[in-house]
Amino acid sequence: LKMFVDTNPDGDKIIYTKNIRFVLAAVKGTILQLNLKEHNPV
4 LKMFVDTNPD
14 GDKIIYTKNI
24 RFVLAAVKGT
34 ILQLNLKEHN
44 PV
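Numbering (our numbering), first residue to last: 4 to 45.
Next comes the structure, spelled out in structure tokens:
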């Protein structure tokens, strides 16, 4: 995320940073959920 902010420091485009955070959080949640299902079968 820091690399993105460093290359795009324009305050008018802060929405892109928020969108990236949202997408990364969703991807992280999906990966975590899949790993939990795979490694902890019920």
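Virtual Cβ for every residue (Gly too), placed ideally from N, Cα, C.
Taken atom to atom, the span from the alpha-carbon of V26 to that of E41 is near 23 Å. A straight line joining the alpha-carbon of Q36 with that of P44 spans about 12 Å.
Look at V45 here: in three-state DSSP terms it is coil, with no helix or strand label.
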